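Chemist: For reference, the structure I am asking about is given below.
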Amino acid sequence: MNLMTRFDKKIPYNELPLLPPKADIETKQILRKAISAGRSLAQLNGTLLNLPNPTLFLDTIYLQEAKASSEVENIITTNDELYKSLVADRKIENTATKEVLSYKEALWLGLEELKTKPFITTNLCIKIVQCIKQNSASIRNTPGTTLSNPQGEIIYTPPSGESIIREKLANLEKFINENTTIDPLIKMAILHYQFEAIHPFSDGNGRTGRILLILYLKISGLLNTPAIYLSEYIFKNKNKYYKCLRDVTEKNEWEDYIIYMMDMIEETSNKGLKRLRKITLAMEETANEIKKKLPRVYSKDLIEILFRLPYTKRQYMVDENIGNLKTVGNYLMALEENGFLKSEKVGKEKLYLNQKLIEILENTD
Ligand SMILES: Nc1ncnc2c1ncn2[C@@H]1O[C@H](COP(=O)(O)OP(=O)(O)O)[C@@H](O)[C@H]1O
Ligand SMILES: [Mg+2]
143 MNLMTRFDKK IPYNELPLLP PKADIETKQI LRKAISAGRS LAQLNGTLLN
193 LPNPTLFLDT IYLQEAKASS EVENIITTND ELYKSLVADR KIENTATKEV
243 LSYKEALWLG LEELKTKPFI TTNLCIKIVQ CIKQNSASIR NTPGTTLSNP
293 QGEIIYTPPS GESIIREKLA NLEKFINENT TIDPLIKMAI LHYQFEAIHP
343 FSDGNGRTGR ILLILYLKIS GLLNTPAIYL SEYIFKNKNK YYKCLRDVTE
393 KNEWEDYIIY MMDMIEETSN KGLKRLRKIT LAMEETANEI KKKLPRVYSK
443 DLIEILFRLP YTKRQYMVDE NIGNLKTVGN YLMALEENGF LKSEKVGKEK
493 LYLNQKLIEI LENTD
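With the numbering used here applied, the sequence shown corresponds to residues 143 to 507, in that order.
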């Protein structure tokens, strides 16, 4: 088969080959990398399983993921703006922030759907993209979608025609849910390429495709609590990401791409593990200091609230039965006086920042 003659970056790639790939996707290099990436991921999984409350940090991790994944698409917001917007009651004006928050919702929606239907389907992808974009977009049914480089040159034209797109998605679905002989991490890389190459929507394909990665880690049983922040790696190695995707299309060159994706798993698992350790340590230290300085304020639940998200407020504490508004107001004031939190007025509300936590989150090395 000569792919070179079939592929033209300016013509809809209706010849996009169906899965599985016609290439050696189990080279020695790939298998080696699958072992080391799998090991890192298993370590992260084990650590998460041993946490007393493994879901505690999920909102924060998903916001990090949403922020980085959106950054890949030039949708930029800051950590501070993002966390503040999530916690404060005021209306969010910034469109990038809104889109990042919708992305986080889409990730939760996807995970929620898996509870009743543990499969990745075309319909699930549509639900996800609609949640990210907050509109009723569906499979592309008008021609004209192209991918360009920053210079504006067309680098890829995805398949065109709704029925062709749906056919390719059906093949992808079958590959994900039925083919069990391929190592799951290799499969994860392949499915992401195929999804991006099909490019079923007019926008939101990159972000939906990256949410699928996390959903796949969950359904394949590799990560029980899917607390991983993969897009951090893609954002940092963006040019290589694009090049690898192109080389699969143009040269049927899978090895570098699959290794790239597994390196993403390995690196973000290792980093995630380090960050998790830092946060649990900071939590322990904070708990001990509060116990010493403010024994009447201390409770295990209160510490958890302080580390759930970088910002907190009185209502969050009331919701967790820490006390009534007046009591928790006094607690927060005492915590601020003793340097545990820093208050900030946002609209009519007062939000309280946990500086230690935001510092850990902002540190990306
Ligand atoms: N050469 C390529 N072939 C296939 N997919 C690509 C290629 N280059 C980039 N992509 C994918 O397309 C995504 C951008 O598509 P887009 O629909 O704009 O997503 P989003 O709205 O999330 O930005 C990139 O993040 C990447 O995943
Ligand atoms: Mg886009």
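For every residue, glycine included, the Cβ atom is placed at its ideal position computed from N, Cα and C. Note that this is a predicted model, so its numbers are computed, not measured.
1) Kindly indicate which three-state DSSP category V439 falls into: helix, strand or coil?
2) Note down the Cα distance separating G471 from L256, rounded to an integer number of angstroms.
3) Is the Cβ-Cβ distance between L327 and I407 less than 8 Å?
4) Around ligand 2, what residues have a beta-carbon under 7 Å from a heavy atom of it, in chain order?
5) Find out if the Cβ-Cβ distance for the pair L372, E215 is shorter than 8 Å.
6) Out of curiosity, what's the CA-to-CA distance linking L355 and K468?
7) Given a cut-off of 8 Å, decide if N480 and K129 are closer than it, judged by their beta-carbon atoms.
8) Among C267, N430 and K492, which has the Cα closest to the Cα of L357?
9) Just reading off the alpha helix (DSSP H) that S305 is part of, what are its end residues?
10) Using 8 Å as the threshold, is the C-beta distance between Y375 and T410 below it?
11) Take the Cβ of Q336 as the centre, count every other Cβ of all protein chains shown within 10 Å, and call the residue buried at 16 or more, exposed below.
12) Taking the straight line between their C-alpha atoms, what separation do you get for S244 and S227?
13) Give me, in chain order, the residues of the same chain whose beta-carbon lies closer than 7 Å to that of V390; leave out the 5 immediate sequence neighbours on both sides.
14) So, at 6 Å on beta carbons, what are the nonlocal neighbours of K416 in its own chain, with the 5 sequence-adjacent residues on each side left out?
15) Since L224 and T239 are thought to touch, with beta carbons under 8 Å apart, how far apart are those beta carbons, to the nearest angstrom?
16) Is T391 near ligand 3 - that is, is its Cβ less than 7 Å away from at least one heavy atom of it?
17) I need the straight-line Cα distance from L183 to N412, nearest angstrom please.
18) In the structure shown, what three-state DSSP assignment does T391 receive?
19) What's the call for E338, buried or exposed, on a 16-neighbour Cβ count within 10 Å?
20) Looking at T264 and E315, is the spacing between their C-beta atoms short of 8 Å?
21) Is the number of C-beta pairs between the region 198-212 and the region 455-468 that are closer than 8 Å three or more?
22) K455 to V488, Cα distance in whole Å?
23) What separation, rounded to the nearest whole angstrom, lies between the Cα atoms of Y473 and A230?
24) Compute every distance between the C-beta of I297 and the non-hydrogen atoms of ligand 1, then say whether any falls below 7 Å.
25) Only counting runs of 4 or more residues, tell me where the alpha helix (DSSP H) segments fall wholly within the region 192-279, in order along the chain.
26) Give me, in chain order, the residues of the same chain whose beta-carbon lies closer than 6 Å to that of T367; leave out the 5 immediate sequence neighbours on both sides.
27) Among all the DSSP beta bridges, which residues are the ones paired with E501?
28) Going by DSSP in three states, I281 sits in which element: helix, strand or coil?
29) Taking I500 as the reference, give the member of R450, M475 and Q457 with the closest Cα.
30) Mapping DSSP to helix, strand and coil, what is S373?
31) Among L418, I353, Q457 and S362, which one has its Cα closest to the Cα of V242?
32) Between which two residues does the alpha helix (DSSP H) harbouring Y358 extend?
33) I'd like the span of the alpha helix (DSSP H) that includes I340, first residue to last.
34) For K490 and E213, what's the separation of their Cα atoms in angstroms?
35) Given a threshold of 16 other Cβ atoms within 10 Å of its Cβ, counted over all protein chains shown, does E504 qualify as buried or as exposed?
36) Name the two residues that bound the continuous alpha helix (DSSP H) containing Y458.
Modeler: So, to answer that:
1) coil
2) If I take the Cα positions, the gap works out to 39 Å.
3) Result yes, Cβ atoms of L327 and I407 sit closer than 8 Å.
4) E215, D345, G346 and G348
5) no
6) 44 Å
7) The chain is shown only over 143 to 507; residue 129 falls outside these bounds and no answer can be derived.
8) When each option's Cα is compared against that of L357, the closest is C267.
9) E304 to E320
10) yes
11) buried
12) The straight-line gap from Cα to Cα measures roughly 12 Å.
13) Y335, W396 and Y399
14) none
15) 6 Å
16) For the structure depicted, ligand 3 is absent and the ligand set comprises only ligand 1 and ligand 2.
17) 8 Å
18) Helix, per DSSP.
19) buried
20) yes
21) Counting C-beta pairs with one atom in each stretch, the region 198-212 and the region 455-468 have fewer than three that are closer than 8 Å, which means they do not touch.
22) 11 Å
23) Using only the alpha carbons, I get a separation of about 19 Å.
24) Yes, the beta carbon of I297 sits closer than 7 Å to at least one heavy atom of ligand 1.
25) 200-214, 221-229, 237-258 and 264-275
26) The residues L190 and P196, in chain order, have a CB closer than 6 Å to that of T367 in the same chain once the five nearest residues on each side in sequence are set aside.
27) DSSP, once it has assigned bridges, lists no residue as partnering E501.
28) coil
29) R450
30) The three-state secondary structure of S373, taken from DSSP, is helix.
31) The residue from L418, I353, Q457 and S362 with its alpha-carbon nearest to that of V242 is I353.
32) N347 to I361
33) P326 to I340
34) 30 Å
35) exposed
36) R456 to D461
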